[in-house]
Amino acid sequence: MSTANIQSSPVQRELSIRSESIQRIYNFYVNNLFYANRRYQRKLVWTIEEKRAFIDSILQGFPVPIILLAETEKDKKSVFEIIDGMQRLNAITAFIEGEFDIKGKYFDLQTMVESKSKLDQETLVQKEPILERKYCEIIGSYILPLSVYYFDDNDKVDEIFRRINSNGKHLSKQELRSAGATSKFANLVRVISSEIRSDASASDIILLNEMKKISITNKQLEYGIKIDDIFWVKNKILTKQMLRQSEDEQIVANIIAYITLYPEIPKSSASVLDEYYGFKNCENHEKIETLLVLKQTEFIKKQFMIIYNHIREILKESNKSFCDLISLNNLNYMPRPFQIIFLSFYDLVFQEQMEIANYDGLVKSLKNINHDITTTSGPTWSYQNKRRNIDKVKGIIRKFFKKRDNNDPAKDSWLTEFETLLTQSKTEQTLYDFKQGFTQLNQRGEFDQGNFSKIIQTLTAMANHSPNAIGYVCVGVVDNDQTAQRIKELYNIDPVDYKNFKITGIEHEANRLQGNLDSFYRWIIQQIKLEPIPQIAKDTIGREIKIINYYDKCVVIFCLKAGDPIPYDRKFYQRIGSNIDEIKLEEYAELFKRFSKNT
């Protein structure tokens, strides 16, 4: 074949091959130069055994696969977005920082300047027994191969990721399907799936240093989201391996397709999902994308989360896992029966405008209901079988529902949304804050005016972060045992635990200050109007305030999004981490310039 007309690829021209020592790589990590893009990156699913095996390969001097990075600019400095190799980089940095051992011994933090500095600053603790220095030096000096691509086009990065993984066996079909996909359907599946797994983040672009906080881990690791606690595994709907292969996203995708295409009942198969994601048959892809625009993705998401929360409440009422409730058989997975139950609830709540009238009766009707569900087990799930089973389940549970008085069931949707806020705060402290309440923690229990003003000031500082930033302050949430214990002493309230948060609620304060929640809500609106902020900000905060119920605890959620910088008491503030800093007069021009780019 003639090569005379083959031109040099622009990608090739922007690509460089280089080598860096592990010590240098760790330096990049410490200086926050590595970012992961959740649009195509996996969820850090390597087990400790796999991480140990990788470190052992380095110790043995074996060659390791090349790490592919995309170099770009963030906050006026050059950084690297990891295209391929995130789990390898995580294994290296995690071993250096003592998150796991190799052959019973831990990395010697005195070996490298960067790790010694963190040891001296007491941000790392040396674990023992310590691996011999000579082996640690072998690790620190090991040369990693890097392929660095310089880019200013996200589409190119997505295409590179797809191509390098399309022929490999280490990514599942669903991971390849969703890798870099930016359609409305793909994004909706991704967002809902992450909220259910409790690994949601405020942004798709996350520091590698922060990824571990929302990564899926096993019980041997101190951080992250324990795989046994994730809804799908905990309820025996999917096995751990199925979850690692992203089969939870396939369930979510099939349910979203049903809701979006209703009243058409689509069949389920790998090829059909390929079509929805745009890999085959443009007609079906365009059809579902068009319907998502017409029906609005936020509306579809809200419907999905309302039904999901109903199922969670049913399981809490039954005190059983999903599998144990609906089946007498000790099964390890049942994705199709879950979809049948979910879609039966959806039909009754949204298509027939009903609501649950008898939780106890509904729980009893669902016991061993899998005996009445006869789903097929092949790769293709026909719409006829799906419809027949949904109708059968609806016939069994319908008498425990009633016609809905209120046409808006959205009040039920905040259970998971609130948990998502708590999870997102782990990777984006700047835009989230939590307060125990509105009163002083003493016997008098008086309204804490200073604390309330701090809440409003915090919201304005968050809003000044960027034009599209939304700041949240949740009141009725504590993050330490001492405060929770003090609330128990004063009000005899036991908190609801969620991860490291303790939800104590504010109803006891509302009753103390204003007699009941309704009066308290109106009173809080009046307090907002007294704050020294622009009228438009007062109106926005007052309009967006929510009082939600989280397992019988009332939590107040304030939020603020601004199109322009917002002053507090004639001064501008910004939130950096968990601190509020006054913006200096000479920095005003940069602040307003940042917001003017959005107009």
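Residue numbers (the working numbering): 849 to 1447.
Positions of the beta carbon are idealized from the N, C-alpha and C atoms, including for glycine.
- Sequence-distant partners of residue 1115 (beyond 5 residues in either direction) whose C-beta falls short of 7 Å from its own C-beta, in its chain, are 1228, 1229, 1230 and 1231.
- Using a Cβ-Cβ distance cut-off of 8 Å, the segment 935-949 and the segment 1060-1076 are in contact, since at least three pairs of beta carbons, one from each stretch, lie closer than that value.
- Shown here, residue 1409 sits in a strand according to DSSP, grouped into three states.
- When C-beta atoms of the segment 1030-1037 are compared with those of the segment 1138-1158, three or more pairs fall below 8 Å, so the two segments count as touching.
- DSSP places residue 1307 in the helix class (H, G or I) of the three-state scheme.
- A buried status is given to residue 1280, since no fewer than 16 other beta-carbon atoms sit within 10 Å of its beta-carbon.
- Judged by DSSP in its simplified three-state form, residue 1059 adopts helix.
- Beta-bridge annotation (DSSP): residue 1280 is paired with 1320.
- Look at residue 1167 here: in three-state DSSP terms it is coil, with no helix or strand label.
- Put simply, of 1217, 1101 and 1246 the residue whose alpha carbon is nearest the alpha carbon of residue 1200 is 1246.
- CA-to-CA, the gap between residue 880 and residue 926 works out to about 10 Å.
- Within the segment 1381-1410, the complete beta strand (DSSP E) runs of at least 3 residues fall at 1394-1398 and 1401-1409.
- In the DSSP secondary-structure assignment, residue 1203 is bridged to 1250.
- Taking a cut-off of 8 Å for Cβ pairs, the segment 1099-1111 and the segment 1208-1224 do not touch, as fewer than three such pairs fall below it.
- Unbroken beta strand (DSSP E) runs of no fewer than 3 residues, entirely contained in the segment 905-949, are found at 915-922 and 925-932, following chain order.
- Residue 1202 sits close to residue 1196, with the two beta carbons spaced by under 7 Å.
- Here residue 995 is bridged, per DSSP, to 865 and 916.
- Contact between the segment 962-978 and the segment 1079-1091 is absent: fewer than 3 CB-CB pairs across the two stretches fall below 8 Å.
- In the structure shown, the three-state DSSP call for residue 880 is coil.
- Under the three-pair Cβ rule at 8 Å, the segment 1352-1367 does not count as touching the segment 1435-1442.
- Out of 1142, 1144, 1143 and 1119, the CA that lies nearest to the CA of residue 1132 is found in 1119.
- Within the DSSP bridge table, the entry for residue 1423 names 1428 as partners.
- The Cβ atoms of residue 1041 and residue 1095 do not sit closer than 7 Å to each other.
- Look at residue 1328 here: in three-state DSSP terms it is coil, with no helix or strand label.
- If the five residues before and after residue 1418 are omitted, its C-beta is found closer than 8 Å to the C-beta atoms of 1380, all from its own chain and listed in chain order.
- Apart from the 5 residues on each side of it in sequence, residue 1263 sits with its Cβ closer than 6 Å to the Cβ of 1157 in its chain, given in chain order.
- Under DSSP, residue 1349 shares a beta bridge with 1346.
- Apart from the 5 residues on each side of it in sequence, residue 1321 sits with its Cβ closer than 7 Å to the Cβ of 1281, 1283, 1303, 1306, 1307 and 1406 in its chain, given in chain order.
- Take the alpha-carbon of residue 1292 and the one of residue 1411: they are about 40 Å apart.
- Classified as buried, residue 959 has 16 or more neighbouring CB atoms from the shown chains inside 10 Å of its CB.
- Looking from the CA of residue 1117, the closest CA among 1106, 1167 and 1074 belongs to 1106.
- By the neighbour-count criterion, in which a residue is buried when 16 or more other Cβ atoms sit within 10 angstroms of its Cβ, residue 1347 is exposed.
- If you draw a 10 Å sphere on the C-beta of residue 908, you find fewer than 16 other C-beta atoms in it, and that means exposed.
- Between the segment 1045-1052 and the segment 1265-1272 there are three or more inter-stretch CB-CB distances shorter than 8 Å, so the stretches are counted as touching.
- Secondary structure note for residue 1365: its alpha helix (DSSP H) is the uninterrupted segment 1365-1377.
- Sorting 1172, 872, 1176 and 955 by C-alpha distance to the C-alpha of residue 974 places 955 at the top.
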